[in-house]
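Chains as they are written, first to last, in full-length UniProt numbering: chain A, 1 to 395; chain B, 1 to 395. All C-beta atoms in this analysis are idealised placements derived from N, C-alpha and C, irrespective of residue type, glycine included. What you are looking at is a predicted structure, and each value in this text was computed from that prediction instead of being measured.
Written out as C-alpha cells, the structure is:
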C-alpha cells in the first residue's frame, strides 16, 4: 500500500528529477491520429494459431484482462473473418435490398448517411466464445476463453427504416444478409428481429467502422450471436423462409448428445467472467485487491452479479459500476483483502428476465459435450497461494 | 436517394465483382492493434500552426465534423500541452499527497489500481474553446471553433478515497494538482469539488490513458475547464488557500470591459454546436439530409436542444439520441429536406438547471470582448445555395 512520504529514506522517484520533467516531449504535430504509449505495446489482440487453417479464416481475441470499464477500444476488438479483411473503397460500395419487396433499391454510403441515425452501445459475442471449454478447462487466459466479444457504441440507421423504403411484401418472413468479402458470408435473419432493433451501422465508438469490423457497413443484431452481424454488408434479400446457408446448417448449430442438432439458436444467454485475477493477470500483492469482471445478456440488461472466492460454496453480490444498458457489457468489482490463501474464483450473472447463469455441468446435462457454441457456463479460476492463476473445472 | 435496382441500365457496382470479393484480405495476425481504414486517412486532429510559438506548447483539435455518437475515439482526442507530451514509464511514476494531511503518502501505479474503481463518461472542454470568436467569426470549421473538447469513458479512483487515506487536516480548503511534465503544470482546486466528484483516472475508453492525455495518471474534474484536469499527475498538496499559479492568474482569468478580471471561473456553461453541416462538411445533396450536432453542460445534463435554420427567427426541438449523461456530450439530430435555399443554422442548448445557452451578443454585453475564455455563445453557420458553409456572425 502507499508509502509514507517524508521519511528519513525518501523515494528517489519522488525526490529526483525524471527525464520527462527535464526535457520537452513531442509536439502536437507528431500525432494527427494518436496511439497508445510505448509502455503498453504488449496489450494486443492475439490469434491462438492452431485454431484454424489460415490467418484469413481465423480469430483475434480481445485482451479482456488488460481492459477496464465497458467500452472496448476499437484497436483491440475481437475479429473473426472467413476470407480475410475486405478492404473496401466506400465510394464504390453499394447496399442492395431485393427479393420480396415492392421497390428493389440500391443505396450508396451517402444515401444511408442521409437517413435518420441512432446510437447504441451493444456487445457482440461470437457463438463459439468459450466453445473449447465444453469438454473441460482448456485455455489459460480469459482473452482466449472469453475474448470473442467486444462492446462498442454504434451509429447507424434502423433496418426497419431501410425496409420501409423498399416496401416489404406480405409474404416476407425472413431476410438474407450478405457480405461483400470474398467469402460472401451470409445468414438468414427472422423478419421479426429485423423490424425490432437491428441497425445497419457505419460508425463505431464515434468514428468509421474499422476494416476488420466491416468497414464501411455492417449489420448490428443486438443480443444475438456475432456470426449474424454480417460485415461489409452489400445485400439484404427478403424471402419467405430461411436460406439454409453454410453458416446456419454446417456451422452455428449445436449437436446434442442424442445426435439431434439445435438450429437457429440466435440469442446469447446471460454470462459473466472474472477478468482480474485470471491466468494472464495473476495476483501480485497480498492485502488490498480489486477483483474485476464483465457480465452481459442477450435477453436484456444485467441485474446482479454474484462472486464466489471458494468455488461456489459462498457468494457475495458484486458492485456493478458504470452505465447498465440493454444488451451491453456491465462491469463489476469486488474490493477484497487477500491473505495469500488459495481461492476458486467464480462469477454468476443474473439478467432482467430473471435468468441465472448456469454451471458448466448444468449446461452439459441439457446440451451434452459435442457442441462448440453457446457455452455460457460459470468459469472457475484457481488462484494459487503465490498468486498464479489457472483455468480449472469444478462443474 | 436510393436508386431502383433491376433497371435496364444496372449499376456496375452491383452487377460487377470487386477486388474485395475476388481476393483474400489480410489475416488476423496482421493487426494486433487495429487502425482505421486507409480511406479514412484524412480524418485527423489538426494544429492551426499560428496559434502558439511551438508545437510543444500547442493544441490539436478534434475533427468534430467527421465524428458521430458521443464517444470521442482516443486517437482523435483534442490535446493541449505546455512542454510537449511527457513519455512516462509507469513503473517509475509516483503520486505524492502532502501538505495539510495527517499522513503524507506516495502511491505507485499498482497502489492506485488496488483501490476501488469507478467508470464515468465526461466531456473535457478547454476554457479557450471558441475563444477566437469573442470579436467575431474567425475560424472556418467546427474542428477549430469548437474542437478543444472530447468525451471519453474514464476508469479511476475517487479523489476522496485517496484523500481519506492521507487524512485531511481541518484547515485544508484547497488542493494544488501538479503534473510530471517538464512544464510542471499546476492548478488550485477547491476542496469541496475535490471531495464531490473528482476522479484520478488511469484508463480512458477501456484502455490505458493515451500519452497526450496524461499517461499514466490524470485528474478528471467533471464539468470544469480542461486546464484543471492536470495530466501526468505526480503530486496533490493540501493547503488553506489557492496557490495563485501562472495558470490561474496570468492565464484562465477573464478580462472584462471595465478592466477587472473574473478569476476561478471553473465551470463550463451549457453550449452546443452543429457539426454537420459546417464549413468542413458542406451539404452535398438537395432533398433528404441529416443535421447533426453536440450539446453539453458543466452544470448537469442536457435537457433540450433547439435548432434554427433561419438565424434564430424560428426554432425546432432537435431529436437527442444516445445516452444522456451528467456532464457528458449529448448528440442531437434534425432530419430535414433541403431545397437549396440559403440557411443560417444555429443550435441552442438547455441544461438540467434551466440554463439556456446565450447568443454571442448577450454574452458580450456582460463580458465584453477582451476575454479568451468561456465563450459559450450560439454559433451560426451560413449554408449557401450550393451547400458551401461559412462561419458568420449575427449576434
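Shortest alpha-carbon distance to residue i belongs to which of the options?
{"i": "residue 345/A", "options": "163/A, 312/A, 320/A", "result": "312/A"}
{"i": "residue 22/A", "options": "280/B, 226/B, 183/B, 378/B", "result": "183/B"}
{"i": "residue 109/A", "options": "366/A, 93/A, 283/A", "result": "93/A"}
{"i": "residue 52/A", "options": "301/A, 84/A, 41/A, 68/A", "result": "84/A"}
{"i": "residue 65/A", "options": "214/A, 150/A, 194/A, 342/A", "result": "150/A"}
{"i": "residue 209/B", "options": "90/B, 31/B, 366/B, 371/B", "result": "90/B"}
{"i": "residue 186/A", "options": "372/A, 245/A, 222/A, 133/A", "result": "245/A"}
{"i": "residue 158/B", "options": "367/B, 222/B, 197/B, 76/B", "result": "197/B"}
{"i": "residue 71/A", "options": "106/A, 272/A, 322/A", "result": "322/A"}
{"i": "residue 276/A", "options": "267/A, 255/A, 264/A, 336/A", "result": "336/A"}
{"i": "residue 390/B", "options": "243/B, 281/B, 166/B, 31/B", "result": "281/B"}
{"i": "residue 24/A", "options": "112/B, 87/B, 59/B, 394/B", "result": "87/B"}
Which chain B residues sit within Cβ distance under 7 Å of residue i?
{"i": "residue 1/A", "result": "111"}
{"i": "residue 389/A", "result": "Those do not exist, as residue 389/A stays about 16 Å from chain B at its closest Cβ, beyond 7 Å."}
{"i": "residue 305/A", "result": "None at all; the shortest Cβ gap to chain B is about 15 Å."}
{"i": "residue 126/A", "result": "Here the premise fails: no neighbours, minimum Cβ distance about 13 Å."}
{"i": "residue 39/A", "result": "89, 90"}
{"i": "residue 84/A", "result": "24, 25, 26, 27"}
Based on the DSSP secondary-structure assignment, which residues constitute the bridge partners of residue i?
{"i": "residue 122/B", "result": "152/B"}
{"i": "residue 320/A", "result": "332/A"}
{"i": "residue 79/B", "result": "60/B"}
{"i": "residue 132/B", "result": "According to DSSP, which records beta bridges pairwise, residue 132/B is partnered with nothing at all."}
{"i": "residue 190/A", "result": "174/A"}
{"i": "residue 271/B", "result": "296/B"}
{"i": "residue 233/B", "result": "179/B"}
{"i": "residue 288/B", "result": "337/B"}
{"i": "residue 343/A", "result": "383/A"}
{"i": "residue 224/A", "result": "267/A"}
{"i": "residue 74/B", "result": "Looking at the DSSP assignment, residue 74/B forms no beta bridge with any residue, so it has no partner."}
{"i": "residue 306/A", "result": "317/A, 348/A"}
{"i": "residue 98/B", "result": "237/B"}
{"i": "residue 107/A", "result": "95/A"}
Using a C-beta to C-beta distance shorter than 9 Å, which residues of chain B count as neighbours of residue i?
{"i": "residue 60/A", "result": "28, 29, 31, 32, 34"}
{"i": "residue 205/A", "result": "69, 71, 72, 73, 74, 205"}
{"i": "residue 290/A", "result": "113, 114, 115, 116, 117"}
{"i": "residue 122/A", "result": "Those do not exist, as residue 122/A stays about 12 Å from chain B at its closest Cβ, beyond 9 Å."}
{"i": "residue 14/A", "result": "94, 96, 106, 234, 235"}
With C-beta atoms as the reference, is residue i less than 8 Å away from residue j?
{"i": "residue 143/A", "j": "residue 46/A", "result": "yes"}
{"i": "residue 124/B", "j": "residue 229/B", "result": "yes"}
{"i": "residue 327/A", "j": "residue 298/A", "result": "yes"}
{"i": "residue 407/B", "j": "residue 162/B", "result": "Nothing about residue 407/B can be read from this structure; chain B reaches only from 1 to 395."}
{"i": "residue 301/A", "j": "residue 325/A", "result": "yes"}
{"i": "residue 132/A", "j": "residue 61/A", "result": "no"}
{"i": "residue 188/B", "j": "residue 248/B", "result": "yes"}
{"i": "residue 288/B", "j": "residue 114/A", "result": "yes"}
{"i": "residue 363/B", "j": "residue 354/B", "result": "no"}
{"i": "residue 127/A", "j": "residue 373/A", "result": "yes"}
{"i": "residue 19/A", "j": "residue 106/B", "result": "no"}
{"i": "residue 77/B", "j": "residue 152/B", "result": "yes"}
{"i": "residue 166/A", "j": "residue 240/A", "result": "no"}
Please list, in chain order, all residues of the same chain as residue i whose beta carbon is under 8 Å from its beta carbon, the five residues on each side excluded.
{"i": "residue 154/B", "result": "119, 120, 121, 122, 199, 201, 203, 204, 220"}
{"i": "residue 14/B", "result": "5"}
{"i": "residue 306/A", "result": "315, 316, 317, 318, 347, 348, 350"}
{"i": "residue 233/B", "result": "95, 177, 178, 179, 180, 200, 214, 217, 218, 219"}
{"i": "residue 251/B", "result": "227"}
Name the chain A residues whose beta carbon is nearer than 7 Å to that of residue i?
{"i": "residue 88/B", "result": "20"}
{"i": "residue 155/B", "result": "68, 69"}
{"i": "residue 212/B", "result": "31, 34"}
{"i": "residue 54/B", "result": "27"}
Please tell me whether, using a cut-off of 7 Å, the distance from the CB of residue i to the nearest non-hydrogen atom of the ligand GDP is below it.
{"i": "residue 332/B", "result": "Ligands displayed in this structure: none; no statement on the ligand GDP is therefore possible."}
Mind pulling the chain B residues with CB within less than 8 Å of residue i?
{"i": "residue 129/A", "result": "Neighbours of residue 129/A on chain B: none; closest Cβ ~16 Å, over 8 Å."}
{"i": "residue 195/A", "result": "Going along chain B, no residue has its Cβ under 8 Å from residue 195/A, so there is no contact; the nearest lies around 19 Å."}
{"i": "residue 77/A", "result": "34"}
Closer than 7 Å by C-beta to residue i: which residues in its own chain qualify, once you throw out the five before and the five after it? Chain order, please.
{"i": "residue 255/A", "result": "261, 370, 371"}
{"i": "residue 1/B", "result": "287, 288"}
{"i": "residue 272/B", "result": "293, 294, 295, 305, 347, 348, 349, 357"}
{"i": "residue 333/A", "result": "290, 291, 292, 318, 319, 321"}
{"i": "residue 223/B", "result": "267, 268, 298, 299, 327"}
Which residues in chain A have a C-beta closer than 8 Å to the C-beta of residue i? List them in chain order.
{"i": "residue 105/B", "result": "2, 3, 4, 5"}
For residue i, which residues from the same chain have a beta carbon less than 6 Å from its beta carbon, with the 5 sequence-adjacent residues on both sides left out?
{"i": "residue 340/B", "result": "286, 385"}
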